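In my numbering, the protein residues as written are 6 to 487.
Reviewing the structure listed below.
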């Protein structure tokens, strides 16, 4: 383990968080709510810590390997969440640090879950901080660092692989730093375009900024106790639904479109499957809930919004789907698991993994019938390597294991029922935020004990980093020198 290199990179990330805290201070000065000290104190601490780590811990060897990449990624997200919680404590909004840590973790991991009872009473600076955390965490903290800070190519790829979502992670272009910049420029442009659409729909300026940042990160920040239903606008709901869908698409798609490689986009099986899932789920739910609304058009409106919100793991709410029929709720629960596309800002298992698992299972069955025949599993016309298939199956085992263990742990205290606890775990692990029953629409996680909130915070991090970086962080062999 190259400890000095790890400390040096973590120091850079700590300095980045100090810079990020300047923005909510500006918001506080605009609204004159006197919460600036809540950010200035942790900002000063971060600045001192980061400066010491960067200036006085110089690595002899700057090349980073896979082990260092996983450790840096996991530590960065944990530290960012730990320090990001401090403003909630100092301001008095969440004096309990574990609750503040839950809130900050839900922010950076773009989960959007909350323990705050009355959102309308929160100062603007903290509301902005939460949505800004969504935006930074959406594309990735380390990707943001790679886009801004020149580093050697040797270690950057390991960091990208550790933080990015999906079974396969690669560079868009030959230079890793340029890849990160392309991703973040695309991300920023889409955010600005969405913001303009919200302003055109007469959404208040502050709400438009927060919702644009949060939707881009598929976080679903709660600005009002009744979430997105507060606006009661068909235009705002449809525009937001479309952009939630867009942010659930692999960002490589936008780059391919930009350089004119439309044929490569059209052959993407994951993208086609994503479209089919959203259309099919929307129609089925609309048909099932039609009797609850005035007409099929209104049912379609609420179904489309909730389908895109859940599948993109944004977590906005425009209707009380706790009152929907069981069939519709089961479809939403399935969407919680699938998530959207790999390489997007969404959480979940990812559609590409589901395709790989389905195809490899079908290939295995064919091999049973024709043991001498050479049969390969393909995705987008390319043969999948055995390591990709094996890693996908390993991830599924770990995915199920985390869900089962987490469900048992939070159920031990006896809070809620099976539906509440299962969807709480699914919502936190898949970075959605909203579940059913006691953690459903217009509800929150305040009823859980500190122990359960800590467990849910950990699985938010595990879900955002796709399990293994967090697991390796607590594995003794990871910290050995050899």
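Glycine included, C-beta positions come from ideal geometry on N, C-alpha and C.
As the structure is a computational prediction, the values presented were derived from the model and not from experiment.
Please report the distance separating the alpha-carbon of residue 427 from that of residue 334.
In the chain shown, the residue the question calls residue 427 occupies position 422. In the chain shown, the residue the question calls residue 334 occupies position 329. Looking at the two C-alpha atoms, the distance is approximately 13 Å.
Look at the alpha carbon of residue 43 and the alpha carbon of residue 367, and state the distance between them as a whole number of angstroms.
Counting from 1 along the chain shown, the entry for residue 43 is found at position 38. Counting from 1 along the chain shown, the entry for residue 367 is found at position 362. If you draw a straight line from the Cα of residue 43 to the Cα of residue 367, it is about 56 Å long.
Measure the alpha-carbon distance for residue 178 versus residue 260 and round it to whole angstroms.
Along the chain shown, one-based indexing puts residue 178 at 173. Along the chain shown, one-based indexing puts residue 260 at 255. Because the pLDDT of residue 178 is 46, which lies under 50, any placement of that residue in the model is unreliable, and the number read from its coordinates should be weighed accordingly. Answer to the nearest angstrom: the Cα atoms are 10 Å apart.
Residue 377, buried or exposed, once every other Cβ within 10 Å from all chains shown has been counted against 16
Within the chain shown, numbered from 1, the residue matching residue 377 stands at position 372. Label assigned to residue 377: exposed.
Every unbroken alpha helix (DSSP H) within the segment 248-310, with a cutoff of 4 residues, ordered by chain:
The qualifying runs are 256-263, 267-271, 274-294.
Report the three-state DSSP secondary structure of residue 388 (helix, strand or coil).
Here residue 388 refers to the residue found at position 383 when the chain shown is read from its first residue. Residue 388: strand per DSSP, three-state reduction.
Answer with buried or exposed for residue 207, where buried requires no fewer than 16 other C-beta atoms within 10 angstroms of its C-beta.
Locating residue 207 in the chain shown gives position 202, counting from the first residue. Counting every other CB atom within 10 Å of its CB across the protein chains shown gives residue 207 a total below 16, marking it as exposed.
For residue 458, which three-state DSSP category applies?
The residue you call residue 458 lines up with position 453 of the chain shown. The three-state reading of DSSP puts residue 458 in helix, counting H, G and I together.
Can you check which of these residues, 287, 254, 302, is closest to residue 273 by C-alpha distance?
Translated into positions along the chain shown, residue 273 becomes position 268. Of 287, 254, 302, the residue nearest in Cα terms is 254.
According to DSSP, simplified to helix, strand and coil, what is residue 383?
Start at 1 with the first residue of the chain shown, and residue 383 comes out as number 378. Note: residue 383 maps to strand in three-state DSSP.
What residue range does the alpha helix (DSSP H) around residue 212 cover?
Taking the chain shown and counting its residues from 1, one reaches residue 212 at position 207. In the DSSP assignment, residue 212 falls within the alpha helix (DSSP H) that extends over 210-221.
7 Å Cβ shell around residue 222 - same chain, five flanking residues per side excluded
Start at 1 with the first residue of the chain shown, and residue 222 comes out as number 217. Result list for residue 222: 115, 139, 140, 142, 143, 350, in chain order.
Spatial neighbours of residue 312 within its chain, please: CB distance less than 7 Å, with the 5 preceding and 5 following residues excluded, ordered by chain position.
Within the chain shown, numbered from 1, the residue matching residue 312 stands at position 307. The residues are 283, 286, 287, 290, 340.
Is there contact here, the segment 435-447 with the segment 320-338, by at least three beta-carbon pairs under 8 Å?
In this structure the segment 435-447 touches the segment 320-338; the number of beta carbon pairs closer than 8 Å is three or more.
I'd like to check one pair, residue 338 with residue 431: are the Cβ atoms closer than 8 Å?
Here the question's residue 431 lines up with position 426 in the chain shown. Here the question's residue 338 lines up with position 333 in the chain shown. In this structure, residue 338 lies closer than 8 Å to residue 431 by Cβ.
Suppose the cutoff is 8 Å on Cβ atoms and the five residues either side in sequence are ignored; what does the same chain contact list for residue 244 look like?
Taking the chain shown and counting its residues from 1, the one referred to as residue 244 is at position 239. Exclusion of the five residues before and after residue 244 leaves 199, 202, 203, 206 as the residues of its chain whose Cβ lies within less than 8 Å of its Cβ.
Residue 13 and residue 63 closer than 8 Å at C-beta
The residue labelled residue 13 in the question sits at position 8 within the chain shown. The residue labelled residue 63 in the question sits at position 58 within the chain shown. Between residue 13 and residue 63, the C-beta spacing is below 8 Å.
Pick helix, strand or coil for residue 47, following the three-state DSSP scheme.
Taking the first residue of the chain shown as 1, we reach residue 47 at position 42. Secondary structure of residue 47 (DSSP, three-state): helix.
Boundaries of the alpha helix (DSSP H) in which residue 8 is found, first to last residue:
As a first step, residue 8 must be located in the chain shown, where it is residue number 3. From DSSP, the alpha helix (DSSP H) with residue 8 extends over 8-25.
To which residues of the same chain is residue 88 closer than 7 Å at the C-beta, ignoring the five residues directly before and after it?
Residue numbering aside, residue 88 sits at position 83 when the chain shown is read from its first letter. Excluding sequence neighbours, residue 88 sits near 22, 47, 51.
Do three or more CB pairs link the segment 76-83 to the segment 25-45 at distances below 8 Å?
Using a C-beta cut-off of 8 Å, the segment 76-83 makes no contact with the segment 25-45, since fewer than three inter-stretch Cβ pairs fall below that distance.
Excluding the five sequence neighbours on either side, which residues of its own chain have a C-beta within less than 7 Å of the C-beta of residue 381, listed in chain order?
In the chain shown, the residue the question calls residue 381 occupies position 376. These residues qualify, in order along the chain: 388.
Residues of its chain near residue 156, where Cβ-Cβ distance is below 6 Å and the 5 sequence neighbours each way are ignored
Within the chain shown, numbered from 1, the residue matching residue 156 stands at position 151. Low per-residue confidence applies at residue 156: pLDDT is 49, beneath 50, and the placement is therefore not dependable, though the value from the model is reported in the following sentence. The same chain holds no residue with a CB closer than 6 Å to that of residue 156 once the five nearest residues on each side in sequence are set aside.
First and last residue of the uninterrupted alpha helix (DSSP H) at residue 426
Against the chain shown, residue 426 aligns to sequence position 421. Per DSSP, residue 426 belongs to the alpha helix (DSSP H) from 423-434.
Assuming residue 445 is part of the alpha helix (DSSP H), what are its boundary residues?
For the purposes of this step, residue 445 is taken as residue 440 along the chain shown, with counting starting at 1. Neither: residue 445 is in no alpha helix (DSSP H) and is coded neither H nor E.
Counting pairs of Cβ atoms below 8 Å between the segment 410-428 and the segment 443-459, do you hit three or more?
Yes: at least three Cβ pairs fall under 8 Å.
Please name the residue in 194, 354, 240 whose C-alpha comes closest to that of residue 303.
As a position in the chain shown, residue 303 is number 298, starting the count at 1. Taking only the C-alpha atoms, the option nearest residue 303 is 240.
Closest by CA to residue 424, which one among 475, 186, 327?
Here residue 424 refers to the residue found at position 419 when the chain shown is read from its first residue. Nearest in C-alpha terms to residue 424, of all of 475, 186, 327, is 327.
Look up residue 484 in the DSSP assignment and say whether it is helix, strand or coil.
Taking the chain shown and counting its residues from 1, the one referred to as residue 484 is at position 479. DSSP places residue 484 in helix when its eight states are reduced to three.
For my contact list, residue 233 and residue 129 are in at a C-beta cut-off of 8 Å; report their separation, rounded to the angstrom.
By 1-based counting over the chain shown, the position of residue 233 is 228. By 1-based counting over the chain shown, the position of residue 129 is 124. Between residue 129 and residue 233 the Cβ distance is about 19 Å, and since that is not below 8 Å, they are no contact.
Does the distance from the C-beta atom of residue 90 to that of residue 109 stay below 8 Å?
For the purposes of this step, residue 90 is identified with residue 85 of the chain shown, where counting begins at 1. For the purposes of this step, residue 109 is identified with residue 104 of the chain shown, where counting begins at 1. It is a contact, given that the beta carbons lie within the stated cut-off.
Rounded separation between residue 360 and residue 192 - CA only
Here residue 360 refers to the residue found at position 355 when the chain shown is read from its first residue. Here residue 192 refers to the residue found at position 187 when the chain shown is read from its first residue. So the two alpha carbons sit approximately 26 Å from each other.
With C-beta atoms as the reference, is residue 107 less than 8 Å away from residue 82?
Here residue 107 refers to the residue found at position 102 when the chain shown is read from its first residue. Here residue 82 refers to the residue found at position 77 when the chain shown is read from its first residue. The answer is no: Cβ separation not under 8 Å.
Residues in the same chain with beta-carbon distance under 6 Å from residue 16, minus the five sequence neighbours each way, listed in chain order, please.
Indexing the chain shown from 1 puts residue 16 at position 11. Correct list, in chain order: 55, 58, 59.
Proximal residues to residue 105 (C-beta, below 7 Å), its chain only, five neighbours per side dropped
As a working mapping, residue 105 is identified with position 100 in the chain shown. Scanning its chain for C-beta atoms nearer than 7 Å, with the 5 sequence neighbours on each side dropped, one finds around residue 105 the residues 90, 93, 94, 99, in chain order.
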